[in-house]
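Chemist:
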Amino acid sequence: MKQIIRSSDLITSDMDDELVMLSINSGKYHAINAVGKRIWQLLERPMNLPQLCEALSSEFDVDAKRCTEETAGFVAQLFTHNLVKYHDDASMAST
Amino acid sequence: MNHYEAFALTIASALPLPELAACSERKPDVRIGFAMIADEDRHSGLAQVFLSIPGIARFLIRNGTEVIIEADDKASEADIRLFVLGSAMGAILQQRGQLVLHGNAVEIDQQCVTFVGPSGSGKSTLAFAFQSQGFRILADDVCAVSLTDPLHPRVVPSFAQIKLWEDSAQALGESTLTKQRIHNRFNKFAFPSLSHFAPLPLPLSRVYVLNPCDKPGFSVETLMGHHKFIALHGNTYRPQFLCTSRQKEEHLAQCALVAKSVTVKRISRPKEPFLIRELTQFLLQDIQIQPRSVMHEADYQVQ
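Heads up: the sequence lines are chains A and P, in that order.
Those letters in the first sequence? Residues 46 to 140, per my numbering, in order.
Those letters in the second sequence? Residues 594 to 896, per my numbering, in order.
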C-alpha cells in the first residue's frame, strides 16, 4: 500500500487545539481539529493507511473498524485539498 | 534633514513630513531620502520591498531602516508623503518584525482596541467618532503590533492624524473646508488629532472586525480558534509585501501568537445608514460589560 506524506508547500501554526495551515502556492487557509492534528503530526514521516490507523488506535480509545473508516475519510479530505501526497510520487518526481 | 518621531521610531527624512511630530536631531532608526534606484534593486525580497506608483514615485524600502524615493518630476510632495507614511512605513514595520494590521486603534481604559475590516467598512469613521468622545487615537490605517514581549502584544502609536472621506466627515458634523485633501484624486481629508493622540504603546486587548451587512441592527459574535487567526491574517496591511516563504511563515506565527492573547469579535452593522453614534455606544457597552465566553459558530469562510 502506498505511503502518504505531507505536502511540502504548507506552513502551519498551532492555534489553541487546532492547527492552522497556509498553502504558500495557493494562499488558501485550512484548519484542522485536535485528532486531525495528530494525524498530521504522524504524517511528518511517510506512512500507509494501516500504519496510520495502528498508531492512532494505540493513542485514542476507538475500535479498529471505526478508526480505519474515519482516518480514511480524513486522509481523503487531505488529498482533496492537496495537503498530503503519495510518497512514491514525490520520490519519482525528485529523480 | 528633518527629524521626527513616529511609530516609536526616530526618522530622519529629506522629505518634509509635517504630519509627524518633529524632534531634535538624533541617530535615526529610519532614513528617508531621494536617490535613483539601481536596476538590480527593483524587486521585492526577504529584506526589501520595491514599490512602483506610476506618476508619483518608485520606492525601495529595506532592512527596516531605509526608504529610498525615486520621484517623478511632476509628483507633488503631498502625493509622495501619502505613500511614505502608508505603504513605505508599513513595510518598514513589517521588516522590523511587527505584525502590521490594516486597522484603526483607539485607547480605551488604558488598553488598545483595534478596528479592522476592508476599505470602506468604517474603521476611520469609527475611530474619529471615538476621538470626538474624548478617547485617544493610536493608529489610522497602519496599525503596528509589536511582539517584543510575545505574550503581550502592544500597539505602537503611529502619528496624530485620521484620514476621513468627505461623506464620513459630514455624517460626523465635521467640515472638510479647512482640512488638507490627502490626495488630489480622492475626496479624502486629513484630520490632525494632536491633542487626542496616545503617545506610548499600549497592550492590544481587543480586535473588532467590522462587517457591514444587509441586516438591520447591530450584532456581535466572539470568534474562536482559527476564526480569530483568519481575522488577523486576512486584515494584515499590505500582505503582498510578505513575499518569501520565510516571511509568510513568520507572519503566520505572528497571527497565531496575537490570536492567543487577544479577544477577537466580529461586529455586524447595517450598510445604510451607518448609525455611527449608535455603533460607538454599542461598542462601548460591549467593551465595558465583560461578556461570558460563549462560543459562537462563526460562518467565516475557510478558504
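Each residue gets a CB set at the ideal place from its N, CA and C atoms; glycine is no exception.
Tell me the DSSP secondary structure of Phe875 of chain P in three-state form.
Modeler: The answer is helix: DSSP assigns Phe875 of chain P an H, G or I state.
Chemist: Got a sec, what are the start and stop residues for the alpha helix (DSSP H) Asp59 of chain A sits in?
Modeler: Asp59 of chain A -> not in any alpha helix (DSSP H); beta strand (DSSP E) instead, spanning Leu55 to Met60.
Chemist: Could you run through the region 824–838 of chain P and flag, in chain order, every residue whose CB is less than 8 Å away from some CB of chain A?
Modeler: Residues His826 and Ser838.
Chemist: Could you check which residue in P:Phe600, P:Val623, P:Pro750 and P:Glu842 has the C-alpha nearest to that of Ala607 of chain P?
Modeler: Considering only alpha carbons, the answer is P:Val623.
Chemist: Which word fits Lys667 of chain P, buried or exposed, when buried means at least 16 other C-beta atoms lie within 10 angstroms of its C-beta?
Modeler: With fewer than 16 Cβ atoms within 10 Å of its Cβ, Lys667 of chain P is classed as exposed.
Chemist: For Phe676 of chain P, which three-state DSSP category applies?
Modeler: Looking at Phe676 of chain P - three-state DSSP - the assignment turns out to be helix.
Chemist: Give the secondary structure of Ile69 of chain A by DSSP, where H, G and I count as helix, E and B as strand, and everything else as coil.
Modeler: The answer is coil: DSSP assigns Ile69 of chain A none of H, G, I, E or B.
Chemist: Quick check on DSSP: helix, strand or coil for His826 of chain P?
Modeler: Three-state DSSP puts His826 of chain P in a helix.
Chemist: Going by DSSP, what residue range makes up the alpha helix (DSSP H) through Pro796 of chain P?
Modeler: Where Pro796 of chain P is concerned, there is no enclosing alpha helix (DSSP H), although the beta strand (DSSP E) it sits in stretches over Leu795 to Cys806.
Chemist: At which residue ranges does the region 608–645 of chain P contain complete beta strand (DSSP E) runs of 3 or more residues, listed in the order of the chain?
Modeler: 623–627, all fully within the region 608–645 of chain P.
Chemist: Find out if the Cβ-Cβ distance for the pair Val748 of chain P, Ala732 of chain P is shorter than 8 Å.
Modeler: Contact: yes.
Chemist: Take the Cβ of Pro746 of chain P as the centre, count every other Cβ of all protein chains shown within 10 Å, and call the residue buried at 16 or more, exposed below.
Modeler: Buried, by the Cβ-count rule.
Chemist: For Phe652 of chain P, does the three-state DSSP call read helix, strand or coil?
Modeler: If DSSP states are grouped into helix, strand and coil, Phe652 of chain P belongs with the strands.
Chemist: Under the three-state reduction of DSSP, which class applies to Pro863 of chain P: helix, strand or coil?
Modeler: If DSSP states are grouped into helix, strand and coil, Pro863 of chain P belongs with the strands.
Chemist: Nearest CA to the CA of Gly827 of chain P: which residue from P:Leu845, P:Gly810 and P:Val813?
Modeler: Checking every option, the nearest Cα to that of Gly827 of chain P belongs to P:Leu845.
Chemist: Just checking: is the beta-carbon of Lys841 of chain P within a distance shorter than 8 Å of some beta-carbon in chain A?
Modeler: Yes - at least one Cβ of chain A is within 8 Å of the one on Lys841 of chain P.
Chemist: Does DSSP classify Ala737 of chain P as helix, strand or coil?
Modeler: DSSP places Ala737 of chain P in strand when its eight states are reduced to three.
Chemist: Name the chain A residues whose beta carbon is nearer than 8 Å to that of Gly818 of chain P?
Modeler: Here the neighbours are Met60, Asp61, Asp62, Glu63 and Ala76.
Chemist: By the criterion of Cβ-Cβ separation under 8 Å, what are the contact partners of Val845 of chain P in chain A?
Modeler: For the record, residue 845 of chain P in the displayed sequence is Leu; it is not Val. Chain A residues near Leu845 of chain P: Ile56, Thr57, Ser58, Val65 and Leu67.
Chemist: Quick check on the burial criterion: 16 or more other C-beta atoms within 10 angstroms. Buried or exposed for Asp62 of chain A?
Modeler: The residue in question, Asp62 of chain A, is exposed, as its Cβ has fewer than 16 Cβ neighbours within 10 Å.
Chemist: Can you confirm whether the region 599–618 of chain P touches the region 113–129 of chain A when touching is taken to mean that 3 or more C-beta pairs between the two stretches lie within less than 8 Å?
Modeler: Too few Cβ pairs lie closer than 8 Å, so no.
Chemist: In this structure, does DSSP put Val748 of chain P in helix, strand or coil?
Modeler: Of the three classes helix, strand and coil, the one that applies to Val748 of chain P here is strand, per DSSP.
Chemist: With DSSP as the reference, identify every bridge partner of Gln847 of chain P, one or two as the case may be.
Modeler: Partner(s): none; Gln847 of chain P has no beta bridge.
Chemist: Would you say Ala628 of chain P reaches chain A, if we count a Cβ-Cβ gap shorter than 8 Å as a contact?
Modeler: Not an interface residue.
Chemist: Which same chain residues, not among the five before or five after Ile649 of chain P, have their C-beta less than 8 Å away from its C-beta?
Modeler: Excluding positions up to five away in sequence, the list reads Ala664, Asp665, Ala668, Asp672, Ile673 and Phe676.
Chemist: Measure the Cβ-Cβ separation of Leu825 of chain P and Ala852 of chain P and say whether it is below 8 Å.
Modeler: Closer than 8 Å, so yes.
Chemist: Assuming contact is defined by CB atoms lying nearer than 8 Å, are Ile50 of chain A and Leu64 of chain A in contact in what I supplied?
Modeler: No, the pair does not count as a contact, with Cβ atoms beyond the cut-off.
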